[in-house]
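For what it's worth, our numbering labels the leading residue of the sequence shown as 6, then goes sequentially.
Glycine included, every Cβ here is placed at the ideal spot set by N, Cα and C.
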Amino acid sequence: MNKNLFIIVLLIVNLKSFAQEKQQQDKKEILQKVQQFFDALETQDTVLYKSILLKDGQTWAISEKDGTVKYSMRQFSDRLKTLINPNSIIQEKTLSSKVMIHKQIAMAWVPYTLDISGKFSHTGVDVFTLLKTSEGWKISTLAFTMDYDSKPK
Numbered sequence: 006m007n008k009n010l011f012i013i014v015l016l017i018v019n020l021k022s023f024a025q026e027k028q029q030q031d032k033k034e035i036l037q038k039v040q041q042f043f044d045a046l047e048t049q050d051t052v053l054y055k056s057i058l059l060k061d062g063q064t065w066a067i068s069e070k071d072g073t074v075k076y077s078m079r080q081f082s083d084r085l086k087t088l089i090n091p092n093s094i095i096q097e098k099t100l101s102s103k104v105m106i107h108k109q110i111a112m113a114w115v116p117y118t119l120d121i122s123g124k125f126s127h128t129g130v131d132v133f134t135l136l137k138t139s140e141g142w143k144i145s146t147l148a149f150t151m152d153y154d155s156k157p158k
C-alpha cells in the first residue's frame with residue numbers, strides 16, 4: 006500500500022514540475038515576442054513585424070498633455086504602412102516586465118522608455134495581449150501609455 010501511495014505522490018510531483026517548466030518556457034517565448042516587437046520597430050523590419058502579430062490586431066495609445074487625455078486606436082496593418090521611416094528610428098527599451106498566462110492567452114506588462122532617433126521622447130507602460138496559435142504566441146493587441154513628463158531613471 007505504501008509503495009502505491011509513493012508512486013502516486015511521485016507522479017503528482019512530476020506533473021506539477023512539468024507544468025511549471027511549461028509555464029516558464031511560455032513566459033520566455035512571450036518576452037521574446039515583446040523584444041522582437043521592439044526590434045522590428047527599431048530596425049523597421051516589416052517581415053519580423055508581420056510574423057509576430059495577429060493579422061487583425063490593433064494598438065491603443067493613451068497620452069495625457071496639459072490635463073487632457075487622448076485615446077487613439079490603429080490596426081497593426083495601418084502601422085505597417087508607416088513603419089519604414091529613416092528619419093524616425095524608434096528605440097524602445099524595457100525597464101521591467103511581468104507576464105501572466107492562462108491557457109492560450111497571456112498578458113505582458115512592460116514599463117519602457119522610448120527614444121526617437123537617439124533623442125528621449127517619453128516613458129510609459131506597454132500592455133501586450135498574446136494568443137497562442139498553431140504558429141506559437143502572437144501579439145493580438147498592444148495598449149500603451151505615453152508619459153511625456155517623466156524621465157527615465
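Item                                                                                                                 : Value
What is the DSSP secondary structure of THR51, reduced to helix, strand or coil?                                     : helix
Skipping 5 residues on each side, what residues in its chain have a beta carbon closer than 7 Å to that of ILE95?    : LEU46, GLU47, LEU119 and ILE121
List the DSSP bridge partners of TYR76.                                                                              : ILE67
Would a C-beta distance cut-off of 8 Å place THR134 and THR146 closer than the cut-off?                              : yes
Please tell me whether ALA143 and LEU59 are closer than 8 Å, where the distance is taken between their beta carbons. : Rather than Ala, the amino acid found at residue 143 in this sequence is Lys. Their beta carbons are under 8 Å apart, which means LYS143 touches LEU59 by this criterion.
Where does SER126 fall in DSSP's three states?                                                                       : strand
Could you check what DSSP says for ASP154 in three-state terms: helix, strand or coil?                               : coil
What is the DSSP secondary structure of LEU88, reduced to helix, strand or coil?                                     : coil
With distance defined between alpha-carbon atoms, name the residue in ALA113, MET151 and LEU136 nearest to PHE125.   : MET151
Taking the C-alpha atoms as reference points, what is the distance between VAL130 and ALA148?                        : 8 Å
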